[in-house]
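Reading through the structure tokens given below for one structure.
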Amino acid sequence: MTLANELGEAGYRRRQIDTTATVTMENVAAGWTMTQIHLDVVAMVPKVAQCDFVDAALRAKANCPISRSLNANISMRAQLTQRGALVRLLPRRNWTKAGPGSLRGKGLRRNGAKN
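Position in the sequence shown (first residue = 1) + 13 = my numbering.
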């Protein structure tokens, strides 16, 4: 929920966020204790750049009230699904290069696709 909130505050609308928590418990002097938690987060967030997504995920990990209340080492791996990532390598332009699989007009054309 904290990741969804962080993305929303950054101006992104998440389509889906799936999180799996793997918990390690150890029998220490005080008894069985949660010592480590690893979070695997996979999200579909249209129009978000990878760097913006990672920033939001790190803020969510740091600001999560549940994470802050636990006395455990918490690690996380966060990734965007293929459809959720927007590559920010080139500025938006009206591309005119012709040919199969080229950019033309409003966006990327697949091989053999018609406008």
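Ideal placement from N, C-alpha and C gives every residue a C-beta, glycine not left out.
Residue pairing by DSSP places GLN63 opposite no residue, since no beta bridge is assigned to it.
Residues of the same chain with a CB within less than 6 Å of the CB of CYS77, apart from the 5 flanking positions on each side, are THR15 in chain order. Within its own chain, the residues whose Cβ lies closer than 6 Å to the Cβ of ILE87, once the five positions on either side in sequence are excluded, are ILE50, SER80, listed in chain order. Nearest to ALA73 by alpha-carbon distance, out of ARG90, TRP45, ARG28, is ARG90. The closest CA to that of GLN63, considering only ALA43, ASP31, LEU93, GLY44, is found on LEU93. Burial state of VAL54 is buried, judged by a 10 Å Cβ sphere holding 16 or more other Cβ atoms.
When secondary structure is reduced to three states using DSSP, ASN76 falls in the helix class. In this structure, the alpha-carbon of VAL36 lies about 32 Å from that of LYS60. For ALA23, the closest C-alpha among the options LEU83, ALA75, THR48, ALA70 is that of ALA70. The secondary-structure analysis by DSSP pairs MET47 across a beta bridge with MET38.
By the beta-carbon neighbour count (other beta carbons within 10 angstroms, threshold 16), VAL41 is exposed.
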